[in-house]
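Student:
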Amino acid sequence: MAWPFSRPYPERKAVDVDDKTFDFVIVGACAIASRLSEDPSTSVLVICKGKSEPHEQWTGCKTRTFNTQALGGATRVNGLMLTRGAPGNYNQWAALGNDEWSWDKCEPYFKKIENAACHPDAPYRGHEESHELPDRPINSTIQKAAGDMNLPVEDDGNNPNAPAIGLFTTDVMIDKFGYRHSSLAAYLPKSTVHEREGRLTLCTGVVATKVQTNEDGTEATGVYILDHLDKSPARQCFVKAKREVIICCGTHFTPQLLMLSGIGPKEHLAKHNISLVRDMPGVGADLQDHITFGIAFRTRLVDSYLRLFSPLIGIWHFILFLLFKTGLLVTSGTRLCAWSHTSTIDETTMTVSHHGNDIDEKHDNTDALKPENVPDIELLFTNASYDYEKGKGYCAFQTTLVQPFSRGRIELASSDPLAHPKVFHHYITDPRDWAAARKAARFSMNFVERFRKTEYPFNATWHLAPGVKAGTVEGGWRDVTDEQIDAYIRERLFNIYHATSTCRMGTVENNGVVGQDLKVHGFRNLRIADASVFPKVTECPHRGADLHGGRAMCRLYQA
């Protein structure tokens, strides 16, 4: 609750900005708004405000897709991880024709967006101060098991000099007091917005309904907005852009806004009686996301975050956090993450080979700069699990496909801007994804079995895994069949909200939507700056790449 005499956060309604002109009209994006409004001569307006379609192969399995309606976007609700990904991700983008987004070009902007307080002496990180996050006793045992899997153990998941594969300690987006540090807190805190009140305007509780273009469809002239939180009949307003319109609505809603504006697949727009401005088949296409399933096992209750569901323990740790900034609530329950490539996993041992892959025995698969070494699976160690019994401890490896071949799409449900778009995920529709998922499941199960053989003082019996008997050590990676793995995945699969690429960066000939300068093809002053422009999904949670992309885009105005 705010102190009664403090100044409120300066927010405006749609009617307050109706028919006004700004240099930049931004739909979303705290980072970009913050950087552009540093210029005293620039005026900036920030406009801030689906269900999934079923697929026949998923027998009753449901997954959710989230979108936030708050300043700060997904950083207000996500899992807090800040990861850059292997440098090969960005060299992979460059190999696709986007040489301005290679690792060498991107690395300086990663440093600019972070204060890596846990790595104060690392020259490859950005930092202003230091503090340590607490470690969990079980982590050292997980690291021992990783060594038995031939996975290198690294203490910094954002070290560009580390091998491409290994078990890494990841960074989380929290401040020195243990609170979530969203992009709102980082880029548009109340003090900054008040300081720039003459040139930075935040219009909240509104939805952008259409980008207005000139007659020949080469220039964005402004944005129509609607106050969708007002209980009275909504009135559509219009804000004019003198220099540019920048769309940052996210992977699901950026293509929706473009299509509502007449920019998208010609046939699809005609179906919804939307006048065509520019035929762009790539808008809404190439949806990619990380998809995951858990391999879970029993642990001591003290090693599991599920103990917080005990009222006494939960209250105790809340007091520890509130008064001393210690305890379980001071950080995320997800800090260890293993990345590997299925081509480097020996099928006879389900361990990693440090050299060679399925194609070339002499290939160095540890070089993180090489695009071909970008990991395609992730094992995220979590101190919790689904379907738990109260009073018992559980942990899991969230086994994730992070370079899927399957592609989905976004479509309009109607021409109503308040309607959610249709999301067709099309998970594991490519046979190569099934092959990777089966290998990943066995690799993850072997990790549990190796963990069980360490000095961990508890019998880590199975909880959730394919082809095993829960509560026992019966079953394992050598015994499970492909059919059992497939059935388990169909029942347990879900996404982890890292969707990208629905307005992909690329050439017009390859159905790209934006160029390397993030301008929509054919437009002089319409840009997109969110994860929808990624040429390909990164192998890690993409919040770091998303924020660095916005920061890197700002260099275009300073050139």
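Our numbering puts the first residue of the sequence shown at 2, with every later residue one more than the last.
A virtual CB, placed ideally from N, CA and C, is assigned to each residue, including glycine.
Determine, using beta carbons only, whether Thr400 and Ala437 come nearer to each other than 8 Å.
Tutor: Not closer than 8 Å, so no.
Student: If distances are taken between C-alpha atoms only, which option among Arg491, Ser44, Ile48 and Val154 comes closest to Arg200?
Tutor: Here the closest residue by C-alpha is Ser44.
Student: What does Gly409 pair with, by DSSP beta-bridge criteria?
Tutor: Answer by DSSP bridge pairing, in chain order: Leu288.
Student: Distance, Cα to Cα, Pro9 vs Ser192?
Tutor: Spanning the two alpha carbons is a distance of roughly 10 Å.
Student: How close, in whole Å, do the beta carbons of His318 and Gly328 come, if the pair is a contact with beta carbons under 8 Å?
Tutor: About 4 Å separates the two Cβ atoms, so the contact holds.
Student: Out of Asn92, Glu245 and Ser445, point me to the one whose CA is closest to Val47's CA.
Tutor: With distances taken between Cα atoms, Val47 lies closest to Glu245.
Student: Comparing the C-beta of Thr84 with each C-beta of chain D, is any distance below 8 Å?
Tutor: You won't find chain D in this structure, because it holds only one protein chain.
Student: Counting only the same chain and skipping the five closest in sequence on each side, list residues whose C-beta sits under 8 Å from that of Ala560.
Tutor: Confidence is the limiting factor: at Ala560 the pLDDT is only 43, short of 50, which leaves the residue's position unreliable and the question unanswerable from this model.
Student: If you measure between the beta carbons of Val240 and Pro11, is that distance less than 8 Å?
Tutor: Not in contact: Val240 and Pro11 (Cβ atoms no closer than 8 Å).
Student: Anyone know if the C-beta pair for Val16 and Cys250 falls short of 8 Å?
Tutor: No, the Cβ-Cβ distance between Val16 and Cys250 is not below 8 Å.
Student: Please go through the same chain and pick out, in chain order, the residues whose beta-carbon is closer than 7 Å to the beta-carbon of Gly86, but skip the five residues on each side of it.
Tutor: Excluding positions up to five away in sequence, the list reads Thr539, Glu540, Cys541 and Ala546.
Student: Go through the stretch 181-214 residue by residue and report every complete run of the beta strand (DSSP E) that reaches 3 residues or more, in order.
Tutor: Correct list: 201-204 and 207-214.
Student: If contacts are defined as beta-carbon pairs under 8 Å, then Ile447 and Trp478 qualify, I think. What distance do you get, rounded to the angstrom?
Tutor: The amino acid at residue 447 is misidentified as Ile; the sequence shows Asn. Asn447 to Trp478, Cβ: 5 Å. Contact.
Student: Where does Ser141 land, buried or exposed, given buried means 16+ other C-beta within 10 angstroms?
Tutor: The residue in question, Ser141, is exposed, as its Cβ has fewer than 16 Cβ neighbours within 10 Å.
Student: Quick one: grab the DSSP three-state call for Gly89.
Tutor: Three-state DSSP puts Gly89 in a helix.
Student: Nearest to Ser563 by alpha carbon, out of Leu519, Gly29 and Leu270?
Tutor: Here the chain has residues from 2 to 560 only, and residue 563 is not among them.
Student: Check for me: the beta strand (DSSP E) holding Gly394 runs from which residue to which?
Tutor: Segment Gly394 to Leu402, the beta strand (DSSP E) holding Gly394.
Student: Figure out for me which residue from Phe178, Phe298 and Ala34 has the closest Cα to the Cα of Lys393.
Tutor: The candidate whose alpha carbon is nearest that of Lys393 is Phe298.
Student: By the DSSP assignment, the beta strand (DSSP E) with Lys177 in it spans what residues?
Tutor: Note, Lys177: premise wrong, no beta strand (DSSP E); not H, not E.
Student: Quick one: grab the DSSP three-state call for Tyr10.
Tutor: Residue state, collapsed to three classes: coil.
Student: With the cut-off set at 8 Å, would you say Ala221 and Phe23 are in Cβ contact?
Tutor: No, Cβ-Cβ distance for Ala221 and Phe23 is not below 8 Å.
Student: So, with DSSP's three-state summary, where would you put Lys106?
Tutor: Reduced to three states, the DSSP call for Lys106 is helix.
Student: Under the DSSP definition of a beta bridge, which residues are partnered with Asp280?
Tutor: Its beta-bridge partners are Gly265.
Student: Restricting to Cα atoms, I'd like to know which of Leu370, Val331 and Ala286 is closest to His182.
Tutor: Out of Leu370, Val331 and Ala286, Val331 has the C-alpha closest to the C-alpha of His182.
Student: What does the alpha-carbon distance come out to for the pair Thr349 and Lys391?
Tutor: In a straight line, the C-alpha of Thr349 is about 38 Å away from that of Lys391.
Student: Taking its Cβ as the centre, do 16 or more other Cβ atoms sit within 10 Å of Ile292, making it buried, or is it exposed?
Tutor: So Ile292 ends up on the buried side.
Student: Counting only the same chain and skipping the five closest in sequence on each side, list residues whose C-beta sits under 7 Å from that of Asp156.
Tutor: Within the same chain, Asp156 has close Cβ partners Thr170.
Student: Pick out the complete alpha helix (DSSP H) segments inside the stretch 479-532, 4 residues or longer, and give them in chain order.
Tutor: Entirely contained in the stretch 479-532, the alpha helix (DSSP H) runs reaching 4 residues are, in chain order, 483-493.
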